[in-house]
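Undergrad:
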Amino acid sequence: MTARTDPVLLLVGAGHAHLGVIDDWRKNGPPRAHRVLVEPLDAMRYSGMVPGWIAGEYRASELAIPLGPLVEETGLQWHRARLDRIDPDRRIAHLDNGEAVSFDLCSIATGGAGQARAILGNDERLLDIRPLDGFIEGWQRLRDSEPRHGRIAIVGGGAGGTELAFGFRNSAHWRDCEVVLVTGESGLLPDHSPAVRGRVAAELDRQGIAVVRNDARVEGGALVAGQRSLEPLDLIAAAVGSGAPDWPEASGLPIDDQGFVRVDEYQRVCGFEHILAAGDVARRTDRKVPHSGVHAVYSGPVLAKNLRRMLAGKAPRRSYSPRFMDFYLLNTCRGESIASYGRLGLQSAWLRRVKDWLDTRWIRRFTARGGR
Ligand SMILES: Cc1cc2nc3c(=O)[nH]c(=O)nc-3n(C[C@H](O)[C@H](O)[C@H](O)COP(=O)(O)OP(=O)(O)OC[C@H]3O[C@@H](n4cnc5c(N)ncnc54)[C@H](O)[C@@H]3O)c2cc1C
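Okay, so the sequence shown: first residue is -1 according to our numbering, each after it adds one.
#1: Leaving aside the five residues before and after LEU124 along the sequence, list all residues of the same chain whose C-beta is less than 7 Å from its C-beta, in chain order.
#2: Are the CB atoms of ARG57 and LEU130 within a distance shorter than 8 Å?
#3: Secondary structure at ARG363, three-state DSSP: helix, strand or coil?
#4: Report yes if the CB atom of GLY298 is closer than 8 Å to the CB atom of HIS14, and no otherwise.
#5: Any idea which residues DSSP pairs VAL36 with across the strands?
#6: Taking the DSSP output, what are the residues bridged to TYR326?
#7: Relative to the alpha-carbon of TYR326, which residue among CYS175, ALA157, ASP21 has its alpha-carbon at the smallest distance?
#8: Considering HIS289, what are the terminal residues of the beta strand (DSSP E) in which it resides?
#9: Hey, quick one: how far does the beta strand (DSSP E) through ARG282 stretch, first residue to last?
#10: With distances taken Cα to Cα, identify the nearest neighbour of ARG89 among ILE336, VAL6, ASP262.
#11: Give a single yes or no on whether ALA157 has its beta carbon closer than 7 Å to a heavy atom of ligand 1.
#12: Can THR330 and PHE164 be called in contact, C-beta distance under 8 Å?
#13: Name the two residues that bound the continuous beta strand (DSSP E) containing ALA170.
#14: ALA199 and LEU186: beta carbons closer than 8 Å?
#15: Could you tell me whether the Cβ atoms of ASP94 and ARG80 are closer together than 8 Å?
#16: Between the segment 166 to 181 and the segment 209 to 221, do at least 3 Cβ pairs fall closer than 8 Å?
#17: Comparing C-alpha positions only, which one of ALA151, ASN168, PRO252, ARG204 sits nearest to VAL216?
#18: Measure the C-alpha to C-alpha separation of HIS16 and LEU9 and round it to an integer number of angstroms.
#19: How many angstroms separate the CA atom of GLY269 from the CA atom of ASP232?
#20: Using DSSP with H/G/I as helix, E/B as strand and the rest coil, what is ARG370?
#21: Just grab the DSSP bridge partners of GLY343 for me.
#22: Measure the C-alpha to C-alpha separation of ARG370 and LEU356 and round it to an integer number of angstroms.
#23: I need the boundaries of the beta strand (DSSP E) containing LEU118, first residue and last residue.
#24: With three or more beta-carbon pairs closer than 8 Å as the criterion, would you say the segment 102 to 109 touches the segment 261 to 280?
#25: Give me, in chain order, the residues of the same chain whose beta-carbon lies closer than 7 Å to that of ASP262; leave out the 5 immediate sequence neighbours on both sides.
#26: In whole angstroms, give me the CA-to-CA distance for PRO86 and PRO246.
#27: Going by Cα to Cα distance, which pick from VAL36, GLU60, GLY27 is closest to THR365?
#28: Which complete beta strand (DSSP E) runs does the segment 200 to 242 hold, if anything under 3 residues is left out?
#29: Considering only C-alpha positions, which residue in the set HIS92, VAL238, ALA294 is nearest to SER184?
#30: Using the Cβ count rule (16 or more neighbours within 10 Å means buried), how would you classify ALA91?
#31: How far does the beta strand (DSSP E) with ILE52 in it extend, from its first residue to its last?
#32: From PHE166 to PHE101, what distance separates their C-alpha atoms?
#33: Reducing DSSP to helix, strand and coil, say where HIS147 ends up.
#34: Grab me the residues of ALA98's own chain with a C-beta within less than 8 Å of its C-beta, minus the 5 sequence neighbours each way, in chain order.
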């Protein structure tokens, strides 16, 4: 129960960091505040399991964290809408359904925006991985149709694009489709070690996935990489990294040169200490924190502690710092995972079991009643 005089805490977006905040409230009790959530979707979907879902290893329901039970359990007032713009000085959030929500303290975890059309150009066969729910719906609509040519192009040579290539190659619906991975000029997994790149390249080869190391673009209705057309294609799936949404700039929030919200070591928006932002929408100004689900997840408990202190009128004390080296487990969608940790690159079936255990444990944390 909240009193009229309690401060209003507004959470915008059910991104990974906010799930961490909600998890903290389930374990330790919610802070004394009127708690409000703005999120248009009824469930959060876990990107790390999407390639496995495409390959038929999971059902769609297994990647979903329904928000209804979490909202009910933690006494959140839920607006099923999108944030349109924020007035940081007057402390008002304007939603796309015309509502306006006043707040004392606001935290934003709305993730990144799709940028495939801006980078590649428009094409009706283009399916951008962002927003993830749009990608999932798009593939669900398509997958029951017969592919005409039996060819799919994946654009993006990072971990997301590589895993999507494995997912589509082993699709339970479009069986034996030819898959071509277009990495761009920066090549395959540029942020990973040569050992990982070597293992992934060998696995792509083993699975018959062609790799094109040129930038792709849509030209005259065809997907072109370098000077070469990749047609005919049934589908162009793009994982070209997340871009920034438009609303931070339109709201007058400080942004970096790509449009992400600039935040300090406590995730406070620079110059607006009553607004915090975490996950892919934010850009730390004190240190490098790459945009990834892992960092969004691990910043959640820290954010929860800082929000509690700030609601009690105290200064935030904790700062999220990434581990020394990032740890990734890539799903080959053929019963193995490739681990990437610093210079190390390992591949095995037991790593796939570890990935499955980690992923499903994370989902269960939010779907089990009471968070246990
Ligand atoms: C195929 C694939 C696999 C990946 N695998 C991994 C992996 O294994 N490990 C890893 O670390 N990273 C992985 N990533 C990256 C990871 O998905 C992102 O970094 C992560 O999802 C970002 O999380 P977030 O919490 O910032 O936002 P999101 O997870 O995008 O959540 C944002 C939420 O905010 C809501 N929202 C958006 N706009 C608004 C608005 N205006 N108003 C209100 N709500 C809004 C959305 O509906 C959504 O619920 C993968 C990405 C892809 C594409």
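The C-beta atom is built at its ideal place from N, Cα and C for all residues, glycine as well.
TA: With the structure as the only source:
#1: The residue given as residue 124 occupies position 126 in the sequence shown. Excluding positions up to five away in sequence, the list reads ALA114, ARG115, LEU118, ILE234, ALA236.
#2: Here residue 130 corresponds to residue number 132 of the sequence shown, with the count starting at 1. Here residue 57 corresponds to residue number 59 of the sequence shown, with the count starting at 1. Contact flag unset, no.
#3: Locating residue 363 in the sequence shown gives position 365, counting from the first residue. Of the three classes helix, strand and coil, the one that applies to ARG363 here is helix, per DSSP.
#4: Start at 1 with the first residue of the sequence shown, and residue 298 comes out as number 300. Start at 1 with the first residue of the sequence shown, and residue 14 comes out as number 16. In this structure, HIS14 lies closer than 8 Å to GLY298 by Cβ.
#5: Numbered from 1 along the sequence shown, position 38 holds the residue referred to as residue 36. Its beta-bridge partners are VAL10, HIS77.
#6: As a first step, residue 326 must be located in the sequence shown, where it is residue number 328. SER338, per the DSSP bridge assignment.
#7: Here residue 326 is taken as the residue at index 328 of the sequence shown, counted from 1. When each option's Cα is compared against that of TYR326, the closest is ALA157.
#8: Residue numbering aside, residue 289 sits at position 291 when the sequence shown is read from its first letter. Note, HIS289: premise wrong, no beta strand (DSSP E); not H, not E.
#9: Taking the first residue of the sequence shown as 1, we reach residue 282 at position 284. Membership of ARG282 in the beta strand (DSSP E) is indicated by the continuous run 280 to 282.
#10: Translated into the one-based positions of the sequence shown, residue 89 becomes position 91. Comparing Cα positions, the closest option is VAL6.
#11: As a position in the sequence shown, residue 157 is number 159, starting the count at 1. Answer for ALA157: yes, Cβ within range of ligand 1.
#12: As a working note, residue 330 is residue 332 in the sequence shown. As a working note, residue 164 is residue 166 in the sequence shown. Against a cut-off of 8 Å, the Cβ pair of PHE164 and THR330 comes out as a contact.
#13: Mapped onto the sequence shown, residue 170 falls at position 172. Note, ALA170: premise wrong, no beta strand (DSSP E); not H, not E.
#14: What you label residue 199 is simply residue 201 of the sequence shown in a count that begins at 1. What you label residue 186 is simply residue 188 of the sequence shown in a count that begins at 1. A contact, by the Cβ cut-off of 8 Å.
#15: Locating residue 94 in the sequence shown gives position 96, counting from the first residue. Locating residue 80 in the sequence shown gives position 82, counting from the first residue. Yes, the pair counts as a contact, with Cβ atoms nearer than the cut-off.
#16: yes
#17: One-based indexing of the sequence shown puts residue 216 at position 218. Out of ALA151, ASN168, PRO252, ARG204, ALA151 has the C-alpha closest to the C-alpha of VAL216.
#18: Translated into the one-based positions of the sequence shown, residue 16 becomes position 18. Translated into the one-based positions of the sequence shown, residue 9 becomes position 11. Cα-Cα distance, rounded: 7 Å.
#19: Locating residue 269 in the sequence shown gives position 271, where the first residue counts as 1. Locating residue 232 in the sequence shown gives position 234, where the first residue counts as 1. Cα to Cα, the separation comes out at about 48 Å.
#20: Along the sequence shown, one-based indexing puts residue 370 at 372. Residue placement at ARG370 is flagged as unreliable, the pLDDT there being 47, under the threshold of 50; a coordinate-derived value is accordingly withheld.
#21: One-based indexing of the sequence shown puts residue 343 at position 345. Its beta-bridge partners are SER338.
#22: Numbered from its first residue, the sequence shown carries residue 370 at position 372. Numbered from its first residue, the sequence shown carries residue 356 at position 358. The predicted position of ARG370 is uncertain, since its pLDDT is 47 and thus under 50; no value can be drawn from it.
#23: Here residue 118 refers to the residue found at position 120 when the sequence shown is read from its first residue. Element bounds for LEU118: not the beta strand (DSSP E) but the alpha helix (DSSP H), 114 to 118.
#24: The answer is yes - the segment 261 to 280 touches the segment 102 to 109, with three or more Cβ pairs under 8 Å.
#25: Stepping through the sequence shown from its first residue, residue 262 is reached at position 264. Only CYS268, THR283, ASP284 meet the Cβ criterion.
#26: Taking the sequence shown and counting its residues from 1, one reaches residue 86 at position 88. Taking the sequence shown and counting its residues from 1, one reaches residue 246 at position 248. Answer to the nearest angstrom: the Cα atoms are 10 Å apart.
#27: Along the sequence shown, one-based indexing puts residue 365 at 367. GLU60 is the residue among VAL36, GLU60, GLY27 whose C-alpha sits nearest the C-alpha of THR365.
#28: 208 to 210, 214 to 217, 220 to 223, 233 to 236
#29: Taking the sequence shown and counting its residues from 1, one reaches residue 184 at position 186. That would be VAL238, whose Cα lies nearest to the Cα of SER184.
#30: For the purposes of this step, residue 91 is identified with residue 93 of the sequence shown, where counting begins at 1. ALA91 is buried by the Cβ-count criterion.
#31: Reading the sequence shown from its first residue, position 54 is the one you call residue 52. Unbroken run through ILE52 is the alpha helix (DSSP H), 48 to 52; no beta strand (DSSP E).
#32: Numbered from 1 along the sequence shown, position 168 holds the residue referred to as residue 166. Numbered from 1 along the sequence shown, position 103 holds the residue referred to as residue 101. Roughly 44 Å between the two C-alpha positions.
#33: Working through the sequence shown from its first residue, we reach residue 147 at position 149. HIS147 falls in the coil class under three-state DSSP.
#34: Reading the sequence shown from its first residue, position 100 is the one you call residue 98. Taken in chain order, the residues that qualify are ILE90, ALA91, HIS92.
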